[in-house]
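Below is one structure; the comments refer to it alone.
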Amino acid sequence: MASDAMDKIASLCKRRGFVFQSSEIYGGINACWDYGPAGVELKRNVKDLWWRALTQLRDDIEGLDSAILMHPKVWHASGHVESFTDPMVDCRMCKARFRADQLDEAVCPTTGRPVLPQCAPHLTEPRAFNLMFKTFMGPVEEASAVVYLRPETAQGIYVNFQNVLGPSRQKVPFGIAQIGKAFRNEISPGNFIFRSREFEQMEMQFFVPPGDASSWFDYWKGQRMEWYREIGIDPGRLRFHEHGPDELAHYAKQAVDIEYEFPFGWKELEGIHNRSDFDLRRHIEHSGKDLSYFDQESNQHFVPHIIETSAGADRTVLTLLVEAYAEEEERTVLRFHPKVAPVKVAVFPLVKRDGMPERARAITTDLRRRFRVFYDEKGAVGRRYRRQDEIGTPFCVTVDSQTLIDDTVTVRERDSMAQTRVSSEGLVAYFRDRLA
Ligand code: GAP
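The sequence shown begins at 0 in numbering that gives the first Met the number 0 and counts up one residue at a time.
See the structure below:
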């Protein structure tokens, strides 16, 4: 059932231009994905909504866009060179590799059957596999030229703590937000865009006085859960998962995941971590620079503790697709919340004559100033509706013979398929109220 649902979503994504396998004409490259015209809009909406909630609507969070390639010492200081590993086992028979902690879900690529129990006798002992991609900076490929593709965006924020603090004139508590690519050489990627080797993170690091870390952790748990509800995710399919001591990442003192009920089970959508003063202290030790803070009000010097909210842009896109996907008797429809829909309004002339295309074009131009609008005059109008249903367009506007008489148009609503006549002059106001 799970793979059936995921196959249908992946196939719709390919057909309607959301997501394609990277380098498909060469047979594809595993666990890397390209976003097509509809997908790039959907993902942009996710990132814009996150950015707006975390920066524009607050005065205590600043933005940052740091480089992907960083000084290699960053990754020694952060603990990633030493500890960012997953336990890996090899199959002595077919040479396949699996994550030792995910054997319950693993499928043998040779037999297509679950790895457990059939392959158990052939598996090696687990060994630690570092997930960071390495490359070389400069023309010589030697050990001293090794640099890493960042496995999280967070470190770019920590090393810029003082750089942002000064010009922004913020005071602790305050946060720094960043959206950007991250790379992990995952042993078992899969479930479409859920776990890939190149992905985008939306991370925010909130710097707080040491004694306040617990209360800020609770605050951010609430804020982040609310954000998923606001972008149209059913609260019944969201839950918190508190990490036990054996689940904590090497940097975390306290961690909770926001999980979503995907077709393949409850899985992590976002991690919220109390990273204590681990990161800043490690960077102080390794760089020799002072990353402490002087609080004028309390007259105290301290190394701020960090509460991190770390969300995956691609996982949020997958969540929205799963949430929106519906099959009805006559159609497949993506019931996106209007805020995230890639296209907000489609405009059609009923037929390609009698001045209808010209009127429809003029309406399109007018609406485009405010919304993302798609114009389509090809094929039967029923087909055009179905195409828009499959990319989740909330409204379609049809210009017909009545429009030429009284300048009203038909507005068809995606979910109910109800049709209403609206004066074309009032369309901007009509959509402004309904697309917010
Ligand atoms: N800075 C903390 C950090 O990176 P994480 O729990 O490892 O924490 C945070 O990752 C989020 O990044 C995850 O909740 C997920 O949404 C996303 N993510 C992590 N690995 C991913 C992968 N291989 N593919 C897609 N998204 C991933």
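From the three backbone atoms N, C-alpha and C, an ideal C-beta is built for every residue, glycine too. As the structure is a prediction and not an experimental result, all values here were calculated from the model.
Does the structure place the stretch 229-243 close enough to the stretch 331-343 that three or more beta carbon pairs sit under 8 Å?
Cβ pair count under 8 Å is three or more, so yes.
Using a Cβ-Cβ cut-off of 8 Å (strictly less than) and excluding sequence neighbours within five positions of Arg14, which residues of its own chain qualify?
Taken in chain order, the residues that qualify are Glu389.
What is the DSSP secondary structure of Ile28, reduced to helix, strand or coil?
DSSP places Ile28 in coil when its eight states are reduced to three.
Can you name, in chain order, every residue of its own chain whose Cβ lies under 8 Å from the Cβ of Met87, other than the five neighbours on each side?
Cβ within range, chain order: Arg96, Phe97, Arg98, Ala99, Pro125, Arg126, Ala127, Phe128, Ile186.
Just checking Gln200 against the ligand GAP - is the residue's beta carbon closer than 8 Å to any of the ligand's heavy atoms?
Yes, the Cβ of Gln200 comes within 8 Å of a heavy atom of the ligand GAP.
Under the three-state DSSP convention, the category Lys180 falls into
Under the three-state reduction of DSSP, Lys180 is assigned to strand.
Counting beta carbon pairs with one atom in the stretch 301-315 and one in the stretch 202-218, are three or more of them shorter than 8 Å?
Of all C-beta pairs linking the stretch 202-218 to the stretch 301-315, three or more are shorter than 8 Å, placing the two stretches in contact.
Starting from Ala325, follow its DSSP beta bridges and name the residues at the other end.
For Ala325, which the question treats as bridged, DSSP gives the partners Val332.
Would DSSP call Ser167 helix, strand or coil?
Ser167: helix per DSSP, three-state reduction.
Report the partner residues of Phe135 according to the DSSP bridge assignment.
Note: Phe135 sits in a beta bridge opposite Val145.
Within 10 angstroms of the Cβ of Tyr25, are there 16 or more other Cβ atoms? Answer buried if so, exposed if not.
Here Tyr25 is exposed, its C-beta having fewer than 16 other C-beta atoms within 10 Å.
Just list the residues that DSSP pairs Leu309 with in beta bridges.
As written in the sequence, residue 309 is Ser, which differs from the Leu given in the question. Note: Ser309 sits in a beta bridge opposite Glu202, Gly270.
Got a sec? Which residues, its chain only, sit under 6 Å from Asp89 by beta carbon, not counting five neighbours each side?
So the qualifying residues of the chain are Arg96, Thr123.
Three or more C-beta pairs closer than 8 Å, one from the stretch 173-190 and one from the stretch 56-64: is that the case here?
Yes: at least three Cβ pairs fall under 8 Å.
Going by beta-carbon coordinates alone, are Asp211 and His304 separated by less than 9 Å?
Their beta carbons are under 9 Å apart, which means Asp211 touches His304 by this criterion.
In angstroms, rounded to a whole number, what distance separates the CA positions of Ser291 and Ala66?
Near 23 Å, if we compare the C-alpha coordinates of Ala66 and Ser291.
Compute the minimum distance between the beta carbon of Phe193 and the heavy atoms of the ligand GAP, and state whether it is under 8 Å.
For the ligand GAP, a non-hydrogen atom lies closer than 8 Å to the CB of Phe193.
Assuming Ala359 contacts Phe370 under a Cβ cut-off of 8 Å, what Cβ separation, rounded to an integer in Å, is found between them?
Distance from Ala359 to Phe370 at the Cβ level is roughly 15 Å; contact not present, criterion being Cβ atoms closer than 8 Å.
Once DSSP output is grouped into helix, strand and coil, what is the label at Met224?
Helix at Met224.
Closest Cα partner of Val316 within the set Arg433, Gly378, Ile192, Val410
Of the residues Arg433, Gly378, Ile192, Val410, the one whose Cα lies closest to the Cα of Val316 is Ile192.
Quick check: is any heavy atom of the ligand GAP less than 8 Å from the C-beta of Pro393?
No.
Per-residue DSSP class, three states only, for Leu68
Strand, per DSSP.
Suppose you measure from the CA of Gln20 to the CA of Arg385; what does that come to, to the nearest Å?
Taking the CA atoms as reference points, Gln20 sits about 24 Å from Arg385.
With a 10 Å radius around its C-beta and 16 neighbouring C-beta atoms as the bar for buried, classify Asp278 as buried or exposed.
Here Asp278 is buried, its C-beta having at least 16 other C-beta atoms within 10 Å.
Measuring from the CB of Ala153, is there a heavy atom of the ligand GAP at a distance below 8 Å?
In this structure, the ligand GAP has a non-hydrogen atom nearer than 8 Å to the beta-carbon of Ala153.
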